[in-house]
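Inspection log for the structure reproduced underneath, given as structure tokens.
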Amino acid sequence: MDACGYFSTLLIEAIRGAGKKDALRRRSLGPSSEISAIATGSWERKERDQIGSSGYVVHTLEAALWAVAQAEDFKSAVLLAANLGDDADTVAAVTGQLAGAIWGVASIPKPWRDRLAWSEHIEGLAASLFERGMA
Numbered sequence: 393m394d395a396c397g398y399f400s401t402l403l404i405e406a407i408r409g410a411g412k413k414d415a416l417r418r419r420s421l422g423p424s425s426e427i428s429a430i431a432t433g434s435w436e437r438k439e440r441d442q443i444g445s446s447g448y449v450v451h452t453l454e455a456a457l458w459a460v461a462q463a464e465d466f467k468s469a470v471l472l473a474a475n476l477g478d479d480a481d482t483v484a485a486v487t488g489q490l491a492g493a494i495w496g497v498a499s500i501p502k503p504w505r506d507r508l509a510w511s512e513h514i515e516g517l518a519a520s521l522f523e524r525g526m527a
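According to the numbering used here, the residues represented by the sequence shown are 393 to 527, in order.
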């Protein structure tokens, strides 16, 4: 399974109500690969200075899981990811997807939501996707 497939699985489970612990649980993906290592929890044993944030897909996925695991809420997860440096916008965006799926839209700070360009359009699309996915 590739990074996108694995991440999609995490998002689907979180959107369907899995909490942080369940969404981030270890999984076996078959043959050994960098993504399989992440899925089985290789990131759990790492300290902040061991988390890469270069923008490489494996580093981005690992950093997002690590940031969500360390945090207790959406804001903390995204700020932790952004402050890893390097390709901060990519890592924070991926982290935000997972954190939002776990903690919900209400967990996103209102000042952040208020400043979002096209927020009504984005919220409408999100609601439509959610409804279709739950059908």
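Cβ atoms here follow ideal geometry from the backbone N, Cα and C, with glycine treated the same way.
Note that the C-beta distance between Ala-431 and Ser-445 is not below 8 Å.
DSSP places Glu-464 outside both helix and strand once states are collapsed to three, so it counts as coil.
Cβ neighbours of Ile-404 within its own chain (closer than 7 Å, five residues either side excluded): none. Cβ neighbours of Leu-476 within its own chain (closer than 7 Å, five residues either side excluded): Ile-443, Ser-445, Ala-455 and Val-483. The Cβ-Cβ distance between Trp-495 and Phe-522 does not fall below 8 Å.
Nearest Cα to Ala-485 within the set Leu-453, Ala-410, Pro-423 and Ala-406: Leu-453.
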